[in-house]
Each structure stands twice: as C-alpha cells, then as structure tokens.
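A quick write-up on the structure given underneath.
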Amino acid sequence: MPSIYDKSRTKSWSDAGKWTRRNTMESFSNIPPLKTDIDRNYPAALNTKGGDFNSEASTPTLEAQHEKEKHGHGLSHGNGHDPHGGINIYDPDRPKLGFKQRLHHFTWAWYNFPVSTGGLSLLIFVQPHQFPGLRSIGMTIYVINIFIFAIVSAMLVARFLIHSGDMSASLKHSREGFFVPTFFLATGNLITSSDRYAIPQNDVGLVWAVQGAFWGYVIITLLLAIGQYSFVFAAHSFGLQAMMPTWILPIFPIMLSGTIASVIAETQPAVAAVPIIVVGLSCQGLGFAVAIIMYAHMVGRLMQAGLPNREHRPGLFMCVGPPAFTALALIGMAKGIPSVASTDKVGMPVDLTTIRTMALISAIFLWSVSLWWFGIAVVAVVQAVPNYFHLGWWAMVFPNTGFILATISIGKELNNDGVLWFGTALSIMLGCMYFFVLFFNIKAVITQDIMYPGRDEDVEDH
Numbered sequence: 001m002p003s004i005y006d007k008s009r010t011k012s013w014s015d016a017g018k019w020t021r022r023n024t025m026e027s028f029s030n031i032p033p034l035k036t037d038i039d040r041n042y043p044a045a046l047n048t049k050g051g052d053f054n055s056e057a058s059t060p061t062l063e064a065q066h067e068k069e070k071h072g073h074g075l076s077h078g079n080g081h082d083p084h085g086g087i088n089i090y091d092p093d094r095p096k097l098g099f100k101q102r103l104h105h106f107t108w109a110w111y112n113f114p115v116s117t118g119g120l121s122l123l124i125f126v127q128p129h130q131f132p133g134l135r136s137i138g139m140t141i142y143v144i145n146i147f148i149f150a151i152v153s154a155m156l157v158a159r160f161l162i163h164s165g166d167m168s169a170s171l172k173h174s175r176e177g178f179f180v181p182t183f184f185l186a187t188g189n190l191i192t193s194s195d196r197y198a199i200p201q202n203d204v205g206l207v208w209a210v211q212g213a214f215w216g217y218v219i220i221t222l223l224l225a226i227g228q229y230s231f232v233f234a235a236h237s238f239g240l241q242a243m244m245p246t247w248i249l250p251i252f253p254i255m256l257s258g259t260i261a262s263v264i265a266e267t268q269p270a271v272a273a274v275p276i277i278v279v280g281l282s283c284q285g286l287g288f289a290v291a292i293i294m295y296a297h298m299v300g301r302l303m304q305a306g307l308p309n310r311e312h313r314p315g316l317f318m319c320v321g322p323p324a325f326t327a328l329a330l331i332g333m334a335k336g337i338p339s340v341a342s343t344d345k346v347g348m349p350v351d352l353t354t355i356r357t358m359a360l361i362s363a364i365f366l367w368s369v370s371l372w373w374f375g376i377a378v379v380a381v382v383q384a385v386p387n388y389f390h391l392g393w394w395a396m397v398f399p400n401t402g403f404i405l406a407t408i409s410i411g412k413e414l415n416n417d418g419v420l421w422f423g424t425a426l427s428i429m430l431g432c433m434y435f436f437v438l439f440f441n442i443k444a445v446i447t448q449d450i451m452y453p454g455r456d457e458d459v460e461d462h
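Residues 1 to 462 (full-length UniProt numbering) are what the sequence shown spells out, left to right.
Written as structure tokens, this is what we have:
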C-alpha cells in the first residue's frame, strides 16, 4: 500500500503540504527550529517520502494509517522533541514568545469573535419569552461587542504596521485569506444590532444613516465577492479533497445584506424600504445560490475523503448558516414590505398576504436544510472532539445563531408556542456554547496555544 505521504496522492484539506507564507516562522530567533506538521522548505516538502514530515491526516482511515506508520518508523512521543532536536509546537513546555512576536500571528479569523458576540445580542433582542432586564443584557452585549470589534481591528492594524508585508501576505494566503470576509460579517452585524438597539425610529437623521450604511455595505461586499473569488480562481489550485467550509465565506457578507434589509426595512420610510428589500432579496439569492454550489463540493469532499480531521470539524457548522439566514431574511423582508405598496404605486405584482405566505413556506423548506447540516456537524464533532482550540470553534456559535433566529421567526409566523419554546431552549444552549468557546479562547491566548507559530490560520494547515 502506498504511503499516505506519497506526493502523487491528492492532498486533502487537513494534510496539505504547502506553505504559502515564507515568513511564518520568523517570530523565532535564536531557538531551535520548530517541528510543525510539515517541512517549511516548500516545494521540497512535497517531495518528502514516508514519515519525514508529520502531516495531519484527514479521515479516520488515514489517521489510523498515519498513526501506524509513525509507530513503525519509531518517532518519539511525549518528550516534546523529534529525533532531529526540533521543538514540538504542541508541547506545553515549548518556548514562550513575547507580545510582538505573537502579534505576527494575529489573523483575520479573530473577527469570528465579534461576529458571534453581535449575533448573541441580536438573539437576545428577538427572544419570544422576555423578562425584565433581558433587553438591557442584550444592550450591554451590544456595547461590549463594539469594543471587541475595535480591539480586534486595532490588533490587526498593529500587526500590519509592525510586521511589514503581513497585510499583503494575509490577503493572498490560501487559508487566512478566506477569513478576510469575517471583517465584513462583523461590520454587517454591527449595522443590524445598531438598528435594533441604538437607532430611534423617530430620528430621521440616524434612520437615513443606517440606509446609507446599508447601500455602502452592499457595494463593498459585492466587490469583495467578485474580487476575492476571481483572485482565488487565478492564484490558487484546490482539489476536491482540499474543500473547506471557509470557501463559502467570501459570498457570506453579500448574502448577509438580505438579513440586514429584513431588519432595517421596518424602520425605513416606504420610499426607501422597497428598494432596500428588492436589493436585499437579490443579494440573498446570490449568496444562497453560490452556497448551493459550494454544498455540492462539500458533499463530494465528504463522500470521497470522509469527515475532516477532528481539529477542523467545528467548521462544518458554517454550512448551517446560508439556508438559515436565507429563511430569516425571507420572512423579515416579507414583513418589512410597506403596507402602502400596491400595483399602482410601486409595481407590486402580488398582494402582500400572498408574498408573506410564500416567504413562510420557503423559510420552512430552507430551515430543514439548515437542520440537516446542523445534525451532520453535531455528529461529526461529538464523534471526534478537537484536541486543541482554534478560532474556527466560533463556527459553533454564529451560524447556529441564524438557525435559532430562523426558528423563532417561523414560530412567530405560525403563532406556535411549541416552536417558540424550542427556539428559547436553543437560545439557552447557544448562550452556554458562546461562553464555552470564549473560555477556551481566553485560555488558548494565555497558554499561547494560539497566536503562536504553526497554530493559527496563517499556515496552510495545522
């Protein structure tokens, strides 16, 4: 049987032996070279035979074969060093780095944190079973999220200023580059939550400011969706086994335009609400259509190569987001159509009752797709729990926020208490998951399990 490290084998998502950032390990000086998952001398690493480099396998079958080959070659375990004297980046006693060195590995994926926090504040706002003070808690989380967004942005700016060349390299990187859209997701989240918590409906100036922010967001995210995918098509070459859920991220911000439209349309004057809804529907359709294309690749990757490595399985929750947010947006936009809209005024071809009924039917259909992906992701993560924290764990929060928001919206439209209580129960579970991930995120920062060479999204893989 050929070795799993044979260069003729197609590289999979979690054992790609290709490094596109040559400066990843520059944070270390005057210490022995780190032992990472692969040799950094690309493309020489691709020509390495047998067990000369330690790459994470992608499927349970390959993992078992990988483990067998490691024992067969007599690789050392538990002492934190390989036979050549390198340092194991997963060893708790590995060398500690200073703040400036660690800042070199502060990636775009950190925006998953404010995205999830903002989603939690929105979820609190729409809870069907409110109690005194709950909205105040949501308002507090909204304010905290503004500070989180500002801190993450400041840290990234500091990284790019201190480490010259990092910005260009991060935008072009075959892995970190896919997390750039999370900045726009966090921005869209702020627009939506600001409309909920901070914009009085009788303040004409602020209402128009929200409208301007929406149109600016649509233009920028459309350019992002076209530009980033065009760059990926031209600059990178991925096989089916390299499929990652993050491939969907460049289209996610423009898709979120529909969700933003569904929220702000209710507070806009009729003359502005209808164009916002029409554009929001177009953007939502674009995003979901591209997501369907990506789903085909994702299912093909799962059928051919099996479930991802345990460290990457939380990323499967990203697949929950597109149908859930589309369901949420359809119901919200249908409700946001001004009551004055009619054939003789704005050219509406169908009465509003029919539109809202169709939106509800479509939302229920899409909700079931989201539920299926949610189940697949849960089974995958429970089957093999990750050993190390990665910022991808936040995928267990934000996409599921959309799923719960859609559940609550459907329950309200159906006026069904059972569905609403189910949404409340899911909300409580999501709140627990948020603080679970937050705890391990803070712990990982303190113990230097992230923001450390070889442990973040600025490498091809872990």
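Note that the Cβ used here is the ideal one computed from N, Cα and C, for glycine as well.
Item, Value
"Isoleucine 144 versus glutamine 304: straight-line alpha-carbon distance, rounded", "43 angstroms"
"Inter-residue spacing [alpha-carbon to alpha-carbon] between valine 397 and arginine 135", "20 angstroms"
"Short Cβ contact (7 angstroms threshold) for residue 491 with threonine 107", "The question about residue 491 has no answer here: the residues shown for the chain are numbered 1 through 462."
"Glutamine 201 versus glutamine 268: straight-line alpha-carbon distance, rounded", "8 angstroms"
"Residue environment, isoleucine 124, which counts as buried when at least 16 other CB atoms sit within 10 Å", "buried"
"Euclidean distance between Cα positions of valine 419 and glycine 411", "5 angstroms"
"DSSP state of isoleucine 87 mapped onto helix, strand, coil", "strand"
"Assumed close pair isoleucine 248, cysteine 283 - CB separation to whole angstroms, cut-off 8 angstroms", "With a Cβ gap of about 15 angstroms, isoleucine 248 and cysteine 283 do not count as contacting."
"Threonine 221 classed as buried or exposed, judged by whether at least 16 other C-beta atoms fall within 10 angstroms", "buried"
"Test: glutamine 284 CB closer than 7 angstroms to a CB of chain D", "No chain D appears in the structure shown, which is made up of a single protein chain."
"Cβ pair aspartate 195, valine 180 closer than 7 angstroms", "no"
"Cα-Cα separation between residue 469 and aspartate 203, rounded to whole angstroms", "Outside the displayed range of the chain (1 to 462) lies residue 469, so it cannot be described from this structure."
"Boundaries of the alpha helix (DSSP H) in which methionine 139 is found, first to last residue", "134-162"
"Where phenylalanine 238 falls: helix, strand or coil (DSSP)", "coil"
"Terminal residues of the alpha helix (DSSP H) in which lysine 172 lies", "166-172"
"Span of the alpha helix (DSSP H), counted from its first residue to its last, around asparagine 112", "112-125"
"First and last residue of the uninterrupted alpha helix (DSSP H) at serine 368", "352-383"
"Segment contact, 8 angstroms Cβ cut-off, at least three pairs: the stretch 87-99 with the stretch 151-167", "no"
"Candidates Phe238, Ala242, Val207, Ser257, of which the one nearest leucine 224 by Cα", "Ser257"
"N- and C-terminal bounds of the alpha helix (DSSP H) containing cysteine 432", "417-446"
"Rounded distance between the beta-carbons of leucine 281 and methionine 333, thought under 8 angstroms", "6 angstroms"
"Neighbourhood of proline 386 by C-beta, 6 angstroms cutoff - its chain only, sequence neighbours within 5 removed", "Arg310, Glu311"
"Where leucine 62 sits in the DSSP three-state scheme", "Below a pLDDT of 50, predicted positions are generally treated as unreliable, and leucine 62, at 43, falls in that range; no measurement from the model is reported."
"Helix, strand or coil at alanine 198 according to DSSP, with G and I counted as helix", "coil"
"Helix, strand or coil at phenylalanine 53 according to DSSP, with G and I counted as helix", "Bear in mind that the predicted position of phenylalanine 53 carries a pLDDT of just 34, short of 50, making it unreliable; the figure below should be weighed with that in mind. Coil, per DSSP."
"Closest Cα partner of leucine 103 within the set His163, Pro308, Phe149, Ser262", "His163"
"Which of helix, strand or coil DSSP assigns to phenylalanine 288", "helix"
"Own chain residues within Cβ distance below 8 angstroms of phenylalanine 374, not counting five before or after", "Phe317, Val320, Asn400, Phe403"
"For glycine 80, three-class secondary structure by DSSP", "For glycine 80, the predicted model reports a pLDDT of 38, less than 50, meaning its position is unreliable and no value from the coordinates is stated."
"As assigned by DSSP and simplified to three states, the class of lysine 335", "helix"
"For valine 378 and alanine 261, the rounded distance between their alpha carbons", "30 angstroms"
"Through-space distance from threonine 424 to proline 128, alpha-carbon basis", "7 angstroms"
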